[in-house]
Every structure is written in C-alpha cells, then in structure tokens.
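Worksheet: the structure to be examined is printed underneath.
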Amino acid sequence: MIVGSTRKKFLAGNRFLSYSSNSVSMASSVSRQYVGFSKINLRATAGITAMAMAMATTTGRTTSTTLVWKRAFFSSSSSKFSGASGSSTNSSKLLDSFFKYNISIAYQPKDRDSEQKGTFFQQQGKNLGSSLSPTGEDNYVIGFNNLENSIIIGVADGVGGWSELGYDSSYISRELCEKLKKFFEIGNYNGDNKKLLESSFNEILKEEKVQVGGTTICFGTINSKGKLDVTNLGDSWFGVFRPIINAGNNRDIRFNCIFQSKEQTHGFNTPYQLSIIPKSILEASEAQGKRYIQDKPSDAQDYQQFNLQKGDIIMFATDGVTDNVCTDDISNFLTDEFNENKVEDETSLLKINKHFVTKVNKLSRDHKYPSVFAQELSKLTGQAYTGGKYDDITVVMVQVS
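Add 508 to a position in the sequence shown, counting from 1, and you land on the number used in our numbering.
Next up, the structure:
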C-alpha cells in the first residue's frame with residue numbers, strides 16, 4: 509500500500525516529477541501555478557515500490573517493457589467479509605414507484621491513529637473530525653422526495669491535504685451531502701442536478717460554518733420511471749452494471765459495466781473540487797504567484813436520462829475504490845456474488861456491498877498489488893510501481909427491482 513501521506517492536492521499546474529526507489533519529489537516547471545491538494549503527498553511513497561529493473565512486469569512500465577493495464581482480482585466470492593460497516597434501506601417503504609430500489613451503504617475509513625500522534629496535530633487539534641467520522645474524509649447522501657417519487661444517492665470525498673495543515677477535511681464533504689439531501693427532499697429540481705448542487709454549495713457558503721476545505725462530489729437522482737441523472741465533479745465515480753444471461757446457460761449471469769462517469773482532474777491526482785479558502789490564505793498564495801483550485805458547481809459534468817432496467821446495479825464510490833480496482837474487477841465481483849447468492853432485498857445487498865468494501869480495503873494494503881493508481885504512476889514516470897492505495901472507501905450500491 510502507499511505508506512505516509514496520501515492526500516489530494518489543492519496545488520496543481522504544470523509540474524515535473526523526479527523519482528527514486530525510496531522517495532518521490534516534485535518541482536514546479538513554471539513560475540505561476542495553481543494550488544490544490546492531492547490525494548498523495550509526493551514526498552514519500554514507501555508503500556508504492558519503485559521496481560528498478562529491466563524485466564517484464566504486469567504492475568507497471570519501464571522503458572523496455574509493455575504495461576498491462578487491466579488485471580482481474582475478484583475471481584471468487586468465497587471470502588467472508590469483516591471490518592466494513594454499513595446500512596441499507598428500500599425505496600418501496602417510502603415511495604410509490606413503478607421501480608423499486610434496494611439501497612445499501614458500506615464504508616471502511618482508513619486508520620488515522622498514526623496521523624494524530626505528531627506534535628502538530630496535538631497542538632492544533634483541528635483534524636479530529638476525520639478521525640471521528642465513521643466514513644473518514646468520505647461522506648454519502650441518500651434521500652427521498654415523496655412528492656416526485658424520486659431518490660438521491662451519491663458520495664463525496666473531502667480533500668485530505670487540508671488535514672496536514674490541521675483542518676477537518678471531512679467537514680465540507682459532510683455538509684455538502686447534508687445540504688444535497690435537504691434541498692432535494694424539499695425542492696422541485698426535476699432532474700436539474702447542477703441547480704441542486706449550486707443551491708447546496710451556496711448554502712454552505714452562506715452559513716460560513718466551514719472555514720477551510722475542498723471536496724469532490726458524485727451524485728445521482730432516480731425518478732419513478734427509472735430515469736437516472738448523474739452529476740460528477742472530481743474523481744469520485746459511478747457505474748451502472750447490467751446482468752446479461754450467458755448464452756447456453758440460463759442460470760448464470762454476467763454483469764457488464766454499460767455506463768460510467770469519467771474523472772475530472774487538473775492533473776495527476778489533482779481532482780476538480782468545490783473549495784472554501786480563507787481570504788488570508790488566498791492573498792498569501794497570490795503573493796507567491798500561486799492560485800488555489802476553486803472549481804464551481806457549473807464545472808461539473810452531467811450524465812442525463814439513462815434508462816435503468818430491472819436487475820441493474822448502480823454503484824457510487826469514492827476513489828478509495830477506483831484507485832485500486834478497475835471496472836472489470838467490479839464486474840467480476842458482482843458476477844460471482846450474484847451467481848452464488850440469492851439477492852432479494854436490501855439486507856442481502858448490504859452483505860455483498862460490505863464484502864466488496866472489505867476486499868478492496870485488503871487490496872489497498874497489499875504492497876505487491878498492482879493497483880490502478882500504481883499503474884498510472886508507472887505510466888507517468890516510466891518506472892514500475894506496485895502497491896495498493898490505502899484510503900477511505902465508501903460505496904453506495906443500488907439494485908433495481
């Protein structure tokens with residue numbers, strides 16, 4: 509796994525990277541740069557191992573080898589889950605709709621005890637929020653609008669770099685999810701997700717409770733006719749997986765990812781983010797010729813009017829998932845789980861979701877695992893890297909029934 513600081517950047521811009529087998533350093537190649545927090549502090553990569561060898565490898569790329577980009581690690585579903593937490597619900601209890609939706613939430617925050625032992629955090633005491641939050645710096649939203657017979661689901665990922673300065677990186681993602689739920693349940697947005705996002709973020713700005721922070725957001729609304737509208741800003745993710753009956757065997761199904769979001773980044777490991785930055789910090793950065801990333805709700809990308817079908821699985825996940833496994837891995841996992849287990853309600857769906865989160869968490873701690881993040885880092889640097897990316901993991905899983 510990636511050991512040390514694994515933080516999102518709020519500094520971004522044209523940069524060049526220099527690497528050694530024990531550390532990673534970053535230098536700016538331009539006099540003016542954007543400022544943003546990343547998910548990994550490139551000063552240390554003790555967990556992603558630089559493989560300084562000229563041989564074929566499936567985990568990365570050197571100047572003389574070809575990188576293998578996709579590996580399938582969910583080949584069976586027999587492992588017993590442990591560690592992940594979650595909850596579940598069913599839309600039929602609250603909505604009068606042609607489609608019914610089983611909904612589960614599973615999450616596994618990373619262990620931040622080691623991060624709290626430094627004298628800086630002991631003195632500042634501002635970072636406790638992320639440690640006390642059950643989802644770490646991640647958060648999620650689930651809400652129901654009974655008038656429109658619709659639901660909202662999604663995830664947000666607080667920009668962790670702020671915690672290195674002693675701030676609660678979970679605060680803004682938590683507030684944004686709460687505001688999305690509030691405005692969705694009382695408002696009449698009719699699928700206008702950007703308007704909903706703008707109203708929610710403006711409310712946070714107006715209240716002035718969050719002093720510092722940044723967050724990604726990926727959320728969707730589903731109406732009574734099975735229309736899915738998704739809005740994404742940053743590198744959180746959603747995907748729709750559809751069960752396909754295997755030819756010649758009506759008992760077995762295969763889940764294929766047929767619709768998914770694309771991450772929005774300003775550069776490697778520097779996602780789009782809604783941010784709140786004090787004037788004093790902005791002025792200090794301007795004096796140094798730097799700028800902080802301050803994306804707007806209007807910068808988010810919309811995925812509109814996707815028609816869901818019975819049996820579809822919709823997944824919203826923070827990058828603790830997508831930095832470690834690819835969509836083919838998720839397809840394999842769902843295929844195995846649904847072929848081996850009868851999933852009829854939100855309780856059985858929650859069990860599968862917990863199992864998934866636990867398996868991803870285990871991979872994220874594996875120093876030898878060729879994670880998506882390690883492969884991207886290998887592609888960027890020309891060296892071969894291995895290791896999972898240890899991070900908070902939050903997954904909202906919805907089954908159309």
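Beta carbons: idealized from backbone N, C-alpha and C, even for Gly.
DSSP three-state call for residue i: helix, strand or coil?
i, result
"residue 668", "helix"
"residue 829", "helix"
"residue 862", "helix"
"residue 809", "strand"
"residue 741", "strand"
"residue 816", "coil"
"residue 614", "strand"
"residue 776", "coil"
"residue 761", "strand"
"residue 899", "coil"
"residue 892", "strand"
"residue 704", "helix"
"residue 643", "coil"
"residue 497", "There is no way to answer for residue 497, as the model of the chain reaches only from 509 to 909."
"residue 629", "Confidence is the limiting factor: at residue 629 the pLDDT is only 38, short of 50, which leaves the residue's position unreliable, though a coordinate-based value still follows. Helix."
"residue 798", "strand"
"residue 682", "helix"
"residue 593", "strand"
"residue 748", "strand"
Are residue i and residue j closer than 8 Å when you measure CB to CB?
i, j, result
"residue 666", "residue 645", "yes"
"residue 790", "residue 723", "no"
"residue 707", "residue 727", "no"
"residue 832", "residue 769", "no"
"residue 922", "residue 803", "Coverage of the chain is limited to positions 509 through 909, which leaves residue 922 absent and any answer about it impossible."
"residue 703", "residue 697", "yes"
"residue 650", "residue 613", "yes"
"residue 820", "residue 749", "yes"
"residue 738", "residue 683", "no"
"residue 897", "residue 909", "no"
"residue 765", "residue 839", "yes"
"residue 843", "residue 761", "yes"
"residue 720", "residue 904", "no"
Should residue i go down as buried or exposed, given a rule of 16 or more other Cβ atoms within 10 Å for buried?
i, result
"residue 524", "With a pLDDT of 27 at residue 524, under the threshold of 50, the modelled position of this residue cannot be trusted, and the question is left open."
"residue 786", "exposed"
"residue 618", "buried"
"residue 907", "buried"
"residue 736", "buried"
"residue 652", "buried"
"residue 656", "buried"
"residue 669", "buried"
"residue 647", "buried"
"residue 710", "exposed"
"residue 740", "buried"
"residue 883", "buried"
"residue 592", "buried"
"residue 801", "buried"
"residue 641", "buried"
"residue 753", "exposed"
Rounded to the nearest angstrom, how far is the Cβ of residue i from that of residue j, given a contact under 8 Å?
i, j, result
"residue 814", "residue 751", "About 16 Å separates the two Cβ atoms, so there is no contact after all."
"residue 732", "residue 606", "6 Å"
"residue 901", "residue 829", "6 Å"
"residue 695", "residue 729", "Incorrect: roughly 11 Å between the Cβ atoms, too far for contact."
Cβ of residue i less than 8 Å from any chain D Cβ?
i, result
"residue 897", "As a matter of chain content, chain D is missing from the structure shown, which is built from one protein chain."
Tell me whether residue i, by its Cβ, gets closer than 7 Å to a heavy atom of the ligand SAH.
i, result
"residue 612", "Ligands in the displayed structure: none, and consequently the ligand SAH is not present."
Hey, is the stretch 807-825 in contact with the stretch 737-746, meaning 3+ C-beta pairs nearer than 8 Å?
yes
Count the C-beta pairs between the stretch 882-895 and the stretch 852-863 that are closer than 8 Å, then say yes if the count reaches three, no if not.
no
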